[in-house]
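Student: Letter by letter, the sequence shown follows residues -29 to -1, 1 to 127 of mature numbering (1 follows the signal peptide of the UniProt record, and there is no 0). Think of the CB as a built atom: it goes at the ideal place given N, C-alpha and C, for glycine as much as any other residue.
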Amino acid sequence: MRRKPIYCCRCAYPLLAAALVTATLSGCADGHEEGDLSWQLGVLAQNWEVEIPSSVSLKGYQSSEVGPHGEVDAVYVVQAGDVEGTWLDGDFDSPSKTRSEELAETVAAASAADIVGDVADLRCIDPLKKGTSDTLTVCRRSEADELILLEHVPIT
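1. Checking 8 Å against the spacing of the C-beta atoms, do Leu118 and Cys110 come in under that value?
2. For Ser67, write down the residues that DSSP places opposite it in a beta bridge.
3. Apply the 10 Å Cβ neighbour rule to Asp53 and answer buried if 16 or more other Cβ atoms are within range, or exposed otherwise.
4. For Val48 versus Gly61, is the C-beta spacing smaller than 8 Å?
5. For Ile86, report the span of its alpha helix (DSSP H) as first-last.
6. Run through DSSP, which three-state label would Ala45 get?
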């Protein structure tokens, strides 16, 4: 099954996950400073058909293309802001052992251990699912006002 292409929110150029940073640095995201990946939240919202509250800001992003058709593992660290009543708000619980292992694999595949820290410290809500295996999990660190969004789109 082939995924719907990801498009740059500024110029509508189709991108592969590995090309997202390159597109930003090459000027595709006009109006953003070099290295500013805040437009990534727009791409996330488009791909998952969710609304990102304007109070949410991107603090860190790391991804890795894991397949030839745009399959990706990505981690977004966002300043939570006011998310009450949105899809980012929920009952944050410790994930099961199996789910913790899956989250750790996503973090490792995206090379994002430096921006996530210890996966055991995360409290998560039930993941959004798309298709049979695509997941977007929202987690919160115990001590921080940050949300960690873990996107896992495996090879199909």
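Tutor: Let me lay it out:
1. Yes, Cβ-Cβ distance for Leu118 and Cys110 is below 8 Å.
2. Note: Ser67 sits in no beta bridge, so no partner.
3. Classification for Asp53: exposed.
4. no
5. Ala84 to Val87
6. strand
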